[in-house]
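Going by this note's numbering, the sequence shown opens with residue 7, and the numbers climb by one from there.
Positions of the beta carbon are idealized from the N, C-alpha and C atoms, including for glycine.
Working notes, beginning with the structure itself.
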Amino acid sequence: MNAAALARLERHACPVILRDDANRYAHRAVDDALQLITDVRDLDPRQLLGRLVLWGREEPPRLAIVPLALAAMHSPRTPMSELGAYLEQLAPLRAVS
7 MNAAALARLE RHACPVILRD DANRYAHRAV DDALQLITDV RDLDPRQLLG RLVLWGREEP
67 PRLAIVPLAL AAMHSPRTPM SELGAYLEQL APLRAVS
């Protein structure tokens with residue numbers, strides 16, 4: 007798929023966010039992102055994954071906006087090795103029996 011077609015597809019997939027809701031979602035996204043940054047090191051990863059699944063079920067725009075807030079908070083100067091170090095600690099996630 008070429009870049010223009012992908013851009014159209016992505017814009018079309020964007021959830022509808024009414025003007026009145028945009029400010030509320032922006033503030034909530036910052037709060038949610040900061041909470042995830044804290045919780046990712048303190049909680050069981052399955053709890054966080056469950057939280058994200060619930061956001062997706064209950065409020066899809068919320069789930070869609072949080073990664074944007076996280077990306078905006080990230081410094082592009084952080085080495086990839088540093089970014090991947092924590093993720094390696096999470097793998098493999100053990101299934102609950």
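Nearest neighbour of residue i, chosen from the options [CA to CA]
i     : options                    : result
Leu74 : Val36, Val59, Arg25, Gln53 : Val36
Residues near residue i in its chain [Cβ-Cβ closer than 8 Å; skip 5 each side]
i     : result
Leu76 : Ala39, Leu42, Ile43
Met7  : Leu15
Leu89 : none
Pair within 8 Å by beta-carbon distance, residue i and residue j
i     : j     : result
Leu54 : Asp45 : yes
Pro67 : Ile23 : yes
Contacts around residue i, its chain only, beta-carbon distance under 7 Å, and the 5 residues preceding and following it disregarded
i     : result
Met79 : Ala39
Pro21 : Pro66, Pro67, Ala70
Arg63 : none
N- and C-terminal bounds of the alpha helix (DSSP H) containing residue i
i     : result
Met79 : 66-79
Asn29 : 25-48
Arg14 : 9-19
Same chain, Cβ closer than 6 Å to residue i, neighbours up to 5 away in sequence not counted
i      : result
Ser103 : Because the pLDDT of Ser103 is 46, which lies under 50, any placement of that residue in the model is unreliable, and the question is left without a value.
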